[in-house]
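The numbers in the sequence shown follow numbering that gives the first Met the number 0, run straight up by one, and end at 398.
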Amino acid sequence: MLLGALLDAGARLAAVRDAVAALKIDGLDVSVARDRRGGFGCHRVTVHRPAVPDHHRHLADVLADLDRATGAGLAPPAADFAARVFRLLAEAEGKAHGTTAEEVHFHEVGAFDALADVVGCAAALADLGLLAPGAAVTTSPLAAGSGEVDCAHGRMPVPVPAVLHLAAAGGLALTGGGLAGERTTPTGAALVAALAAPGPLPDMAVRAVGTGGGRRDTPDRPNITRVVVGTRTAAAAGGPAEGEVTVVESTVDDLDPRLWPSVLAALRAAGAWDCWTTETVGRHGRPGRVVTALCAAEVRPAVADALFRHTTTLGVRWSARRRLMLPRQSAVVAVGPPGAEQQITVKVAEGPGGALTVQPELAEAEAAAAALGWPVRAVCEAAAVRYRGDLAVPRPATG
């Protein structure tokens with residue numbers, strides 16, 4: 000549905016088909032048709048895949064496909080984004096099945112569908128200027144759905160484990176919304192986790208709106224995904240934006256301290272944007288901790304439930320707070336010598352007057368440092384320098 004929405008928002012179908020053709024997989028192609036879902040007009044994309052035996056492919060096979068596609072004309076920013084999506088997907092599947100990302104296998108038919116979808120989305124995003132340095136993408140909570148779904152490993156509850164792990168990795172909020180069936184697939188969750196940060200619709204001048212439709216026309220509400228493309232307004236681009244956040248807290252003085260990392264992980268999986276603990280002194284002089292989570296109002300019940308489930312607390316308190324936020328975005332940069340570059344995500348905050356704060360994702364910097372034999376500090380510095388250098392390249396103003 001995301002690819003349909005991007006095409007409806009103005010991405011060129013020719014750019015998408017050229018990117019898929021660069022994979023050099025005979026019979027793999029995409030087409031788009033105008034359709035309606037729940038009374039709303041939309042673009043619906045169909046993937047045409049080759050007839051193949053159902054055998055397994057691994058992450059290395061998919062990355063090799065992307066390397067060949069880069070040599071055949073797939074733009075490097077699109078290839079880098081697609082590789083990041085598949086790495087996130089493999090890591091999530093690995094966590095779900097108790098194995099490594101490299102050992103995860105993708106079923107052949109599903110892998111071709113995902114390749115066309117991910118590479119098509121990457122090409123469409125690049126065509127709209129949304130992979131350029133300085134572009135920022137935000138997302139509302141994803142509709143996960145409910146019930147059960149049939150998959151290669153049998154009947155699974157919705158959301159499936161990989162979607163939950165991807166939400167945790169990307170800091171994404173999920174909502175069941177009373178919707179029956181699977182509404183967010185692992186591939187869709189991986190695309191959003193690689194692309195967007197959770198948050199409200201930013202202040203911007205709207206340039207285009209795209210609507211993508213799913214295969215099913217569901218009776219309860221439209222089965223669509225919307226994309227809004229715009230240019231950040233002066234206020235949004237140059238200074239703090241005001242918003243609201245829900246603060247959820249509890250004070251605990253009798254929990255095994257070894258469990259706190261798992262508590263914070265559970266809060267993030269429940270939809271918290273951020274969470275931490277603060278040391279305190281409780282009743283009778285006992286040492287304790289105040290655990291605090293920041294989240295959207297709609298996921299507050301899930302965050303509170305996680306506190307009750309994973310700690311010994313008997314009560315949870317919350318409040319709505321106003322906050323000022325600097326504009327933030329994510330980008331992917333390459334660090335290292337030619338032929339051995341490592342992809343690292345950097346988070347960028349833009350302050351008044353255009354002052355930038357650039358911080359690499361530490362886990363990715365640590366992995367890159369191990370692969371390159373560099374100190375982690377050197378990788379972080381190189382990533383920041385690379386991002387600032389990329390800003391010298393002319394790019395469209397997008398939001």
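All C-beta atoms in this analysis are idealised placements derived from N, C-alpha and C, irrespective of residue type, glycine included.
query: Does the Cβ of residue 256 have 16 or more other Cβ atoms within 10 Å, making it buried, or fewer, making it exposed?
result: Per the 10 Å Cβ criterion, exposed.
field: Three-way DSSP call (helix, strand, coil) for residue 30 in this model
entry: In the three-state DSSP reduction, residue 30 falls in the strand class (E or B).
message: Let's see if you can read the secondary structure: which residues bound the beta strand (DSSP E) around residue 280?
response: Start and end: 273-280.
message: Does the region 320-340 come into contact with the region 295-304, if we say contact requires no fewer than three beta-carbon pairs (one atom in each stretch) closer than 8 Å?
response: Short answer: they don't touch.
- prompt: If we count Cβ pairs, one from each stretch, closer than 8 Å, do we get three or more for the region 116-129 versus the region 0-8?
  reply: Contact holds between the region 116-129 and the region 0-8, because three or more Cβ pairs, one in each stretch, are under 8 Å apart.
Three-state secondary structure (DSSP) of residue 346: Three-state DSSP puts residue 346 in a strand.
message: Going by DSSP in three states, residue 64 sits in which element: helix, strand or coil?
response: The answer is helix: DSSP assigns residue 64 an H, G or I state.
query: Are there 16 or more other CB atoms within 10 angstroms of the CB of residue 388, so buried, or fewer, so exposed?
result: Around the beta carbon of residue 388, fewer than 16 other beta carbons sit within 10 angstroms, so the residue counts as exposed.
Sheet register partners of residue 0 (DSSP bridge): The beta-bridge partner set that DSSP reports for residue 0 is empty.
message: Output needed for residue 19: all residues of its chain with C-beta closer than 7 Å, excluding positions within five of it in sequence on either side, in chain order.
response: For residue 19, the CB contacts under 7 Å within the same chain, skipping 5 residues up- and downstream, are 27, 28, 29, 115, 118, 119 in chain order.
query: Counting pairs of Cβ atoms below 8 Å between the region 244-251 and the region 309-317, do you hit three or more?
result: Short answer: they touch.
- prompt: Comparing alpha-carbon positions, which option in 151, 148, 177, 186 lies nearest residue 166?
  reply: Closest by alpha carbon: 186.
message: Please state whether the Cβ-Cβ distance between residue 78 and residue 89 is less than 8 Å.
response: No, these two residues do not count as a Cβ contact at 8 Å.
field: Three or more C-beta pairs below 8 Å linking the region 152-170 and the region 56-71
entry: The region 152-170 makes no contact with the region 56-71, as fewer than three CB pairs between them are under 8 Å.
message: To the nearest angstrom, how far is the alpha carbon of residue 325 from that of residue 175?
response: Note on geometry: alpha-carbon atoms of residue 325 and residue 175 lie some 30 Å from one another.
query: Looking at C-beta atoms only, is the number of pairs between the region 262-279 and the region 290-299 that lie closer than 8 Å three or more?
result: The region 262-279 is in contact with the region 290-299.
query: Within 10 angstroms of its Cβ, does residue 42 collect 16 or more other Cβ (buried), or is it exposed?
result: So residue 42 counts as buried.
task: Measure the beta-carbon distance from residue 345 to residue 367 and round it to whole angstroms, keeping in mind my assumption that it falls under 8 Å.
output: The C-beta separation of residue 345 from residue 367 comes to about 12 Å, leaving the pair out of contact by the 8 Å criterion.
Cβ neighbour criterion (16 or more within 10 Å) applied to residue 39: That one is exposed.
First and last residue of the uninterrupted beta strand (DSSP E) at residue 202: For residue 202, no beta strand (DSSP E) encloses it, and the DSSP letter there is neither H nor E.
message: Does residue 257 come out as helix, strand or coil in the three-state DSSP assignment?
response: Residue state, collapsed to three classes: helix.
message: Suppose you measure from the CA of residue 108 to the CA of residue 310; what does that come to, to the nearest Å?
response: Confidence at residue 108 is low in this model, with a pLDDT of 47, below 50, so its placement is unreliable and the value that follows should be read with caution. Cα to Cα, the separation comes out at about 43 Å.
- prompt: Under three-state DSSP, which class holds residue 392?
  reply: With a pLDDT of 37 at residue 392, under the threshold of 50, the modelled position of this residue cannot be trusted; read the value that follows with caution. It is coil, neither helix nor strand.
message: Let's test the definition: count the other Cβ atoms within 10 Å of the Cβ of residue 159 and tell me whether it reaches 16, buried, or not, exposed.
response: Classification for residue 159: buried.
- prompt: Under the three-state reduction of DSSP, which class applies to residue 359: helix, strand or coil?
  reply: Three-state result, residue 359: strand.
message: Quick check on the DSSP output: the alpha helix (DSSP H) that includes residue 169 runs from which residue to which?
response: Secondary structure note for residue 169: its alpha helix (DSSP H) is the uninterrupted segment 160-169.
query: For residue 46 versus residue 85, is the C-beta distance shorter than 8 Å?
result: In this structure, residue 46 sits away from residue 85, with a CB-CB distance that is not shorter than 8 Å.
task: Could you give the DSSP three-state label for residue 351: helix, strand or coil?
output: Reduced to three states, the DSSP call for residue 351 is helix.
task: Report, in whole angstroms, the separation of the C-beta atoms of residue 363 and residue 140, which I expect to be a contact under 8 Å.
output: Beta-carbon to beta-carbon, residue 363 and residue 140 are separated by about 25 Å, too far to satisfy the 8 Å threshold.
task: Taking only beta-carbon positions, decide if residue 252 is within less than 8 Å of chain B.
output: In summary, chain B is missing from the structure at hand, where a single protein chain is found.
field: the region 351-360 / the region 377-387 touching (three or more Cβ pairs under 8 Å)
entry: Contact between the region 351-360 and the region 377-387 is present, because at least three Cβ pairs lie under 8 Å.
- request: Would you grab the beta carbon distance between residue 87 and residue 192 for me? Rounded to a whole angstrom, and I think it's under 8 Å.
  value: Between the beta-carbon of residue 87 and that of residue 192 there is about 6 Å, and that keeps the pair under the 8 Å contact cut.
message: Give me the residue from 134, 254, 177 with the minimum Cα distance to residue 145.
response: Taking only the C-alpha atoms, the option nearest residue 145 is 177.
query: Per DSSP, what kind of secondary structure is residue 99 in: helix, strand or coil?
result: For residue 99, the secondary structure class from DSSP, reduced to helix, strand or coil, is coil.
query: Exposed or buried, residue 205, counting other C-beta atoms within 10 Å across all chains shown (16 or more means buried)?
result: Counting the other Cβ atoms within 10 Å of the Cβ of residue 205 gives fewer than 16, which makes it exposed.
field: Pair within 8 Å by beta-carbon distance, residue 24 and residue 80
entry: No. Outside cutoff.
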